[in-house]
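Have a look at the structure below, then the notes.
Number of protein chains: 2
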Amino acid sequence: MKLSTRGRYGLKAMYQLALHYGEGPIALNNIAKKQGLSENYLEQLFSVLRKEGLIISVRGAQGGYMLAKDPQHITVGHILRTLEGNMAPVDCLTDENVKCDREDECATKFVYAQMIDSLNNVIDSITLQDMIDEQKKNEMIK
Amino acid sequence: MKLSTRGRYGLKAMYQLALHYGEGPIALNNIAKKQGLSENYLEQLFSVLRKEGLIISVRGAQGGYMLAKDPQHITVGHILRTLEGNMAPVDCLTDENVKCDREDECATKFVYAQMIDSLNNVIDSITLQDMIDEQKKNEMIK
DNA sequence: GTGAATGTTGACAGAAATAGTAGGGTATAT
DNA sequence: ATATACCCTACTATTTCTGTCAACATTCAC
Ligand code: FES
Ligand code: FES
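Protein sequence lines, in the order shown, are assigned to chains Z and R.
By my numbering, the letter at position 19 of the first sequence is numbered 19, and the numbering carries on one by one without gaps.
By my numbering, the letter at position 95 of the second sequence is numbered 237, and the numbering carries on one by one without gaps.
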């Protein structure tokens, strides 16, 4: 039940974009360098995020990426599902063709259904803006 | 964020044991056959469950496995964490030595903390008995 | 006691998913 | 024109997951 690097890197990168929302495009190598990640690898993730409409790219010199909308309108859930695929712990929850049983009914499915519901509730309720606010709060305390 | 076969097979097998709770030990090949799983593989999972004290093994002829306690006192959470390791989406939540950042504070950790909390709440609130009850209810409807 | 059934253990191998690399192409600001 | 930075696809390396195997230990039925 681990998140892969796709989700982790992607969410952090999106947070960086959120921090500089409204300041124009930010180059990828900037973000990659700051977090010690492979620029090429991040690029793959950003490509997916762009196609999903979460970010906008600006090509050419002085180009880069920026959020497609206000940080408070982008949820963590949207980001994670875009990068990780659906967050279902088992495939039968999202793919009609998958079933673990032939004969008897599956007794475990309802457990997994509750897991995914709960998980989606949490991640859909957190926006990038919430992350920023939380971070500021923590810095205040220090 | 997928559950591995360890958790899936293990939970189903435990459910089988729960169905026959109080009827003495059940041989592994019995369960394996019924669900079309490798007996040897299931064996590995049961070994872990036994060490965790969730099941009791009876050796020798007519031996097998049975639940160590009443189905209503065994939670899905206990089973899944035993087989899958902790359910944390990232390691830093459970391992002090892991941190994703050096300099700036990590803004994503609080997201993951909420995820694991929510997940644990759900799976700890479901017992094997609940699964049995749910299943019965569904059969009634049919 | 003997033999059959069953659990116990650890090592190992194949398969699949993940993570990361490489390189050529395209658009744009200057 | 040229440098910059996004765009795309294919490939490779690494790790994790899944499953197999074999030798061994314990207990039951007789
Ligand atoms: S059908 Fe999905 S877990 Fe059984
Ligand atoms: S320290 Fe765990 S996600 Fe950053």
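Every residue gets a Cβ at the ideal spot worked out from N, C-alpha and C, and that includes glycine.
Scanning its chain for C-beta atoms nearer than 6 angstroms, with the 5 sequence neighbours on each side dropped, one finds around Z:Met14 the residues Ile79, in chain order.
For R:Val190, the enclosing alpha helix (DSSP H) covers residues Glu181 to Lys193. Taking C-beta atoms under 8 angstroms as the contact rule, Z:Leu42 and Z:Ala27 fail to qualify, at a distance of about 11 angstroms. Looking at the DSSP output, R:Val240 bridges to nothing. Between ligand 1 and the CB of R:Thr147, the shortest heavy atom gap is not smaller than 7 angstroms.
Close to R:Leu145, with beta-carbon spacing below 7 angstroms, are these residues of chain Z in chain order: Met1, Pro89 and Val90. In the displayed model, R:Thr269 falls within a strand according to three-state DSSP. Residue burial annotation: Z:Arg59 is exposed, with fewer than 16 other C-beta atoms found within 10 angstroms of its C-beta. Here the segment 127-135 of chain Z makes no contact with the segment 82-93 of chain Z; the two share fewer than three CB pairs at distances below 8 angstroms. Using a Cβ-Cβ cut-off of 8 angstroms, R:Ile283 does not count as an interface residue toward chain Z, since no Cβ of chain Z sits closer than that to its own. Under DSSP, R:Gly206 takes part in a beta bridge, and its partners are R:Val200.
Z:Lys142 is classed as exposed because its beta carbon has fewer than 16 other beta carbons within 10 Å across all chains shown. Our two residues, Z:Asn121 and R:Ala203, have alpha carbons roughly 49 angstroms apart in a direct line.
Residues of chain Z whose Cβ lies closer than 8 angstroms to the Cβ of R:Thr250 are, in chain order, Arg8, Leu11, Lys12, Tyr15 and Met131.
Distance from R:Leu209 to R:Ile197 at the Cβ level is roughly 6 angstroms; contact confirmed, criterion being Cβ atoms closer than 8 angstroms. No heavy atom of ligand 1 is found nearer than 7 angstroms to the CB of Z:Thr94. According to the DSSP assignment, Z:Lys33 belongs to the alpha helix (DSSP H) that extends over Leu28 to Gln35. According to DSSP, R:Thr217 shares a beta bridge with R:Thr269. Sequence-distant partners of Z:Ala18 (beyond 5 residues in either direction) whose C-beta falls short of 8 angstroms from its own C-beta, in its chain, are Leu67, Pro71, Ile74, Leu128, Gln129, Met131 and Ile132.
Distances from the CB of Z:Thr75 to the heavy atoms of ligand 1 are all 7 angstroms or more. Interface flag for Z:Asn30 against chain R is unset, since no Cβ pair is found closer than 8 angstroms.
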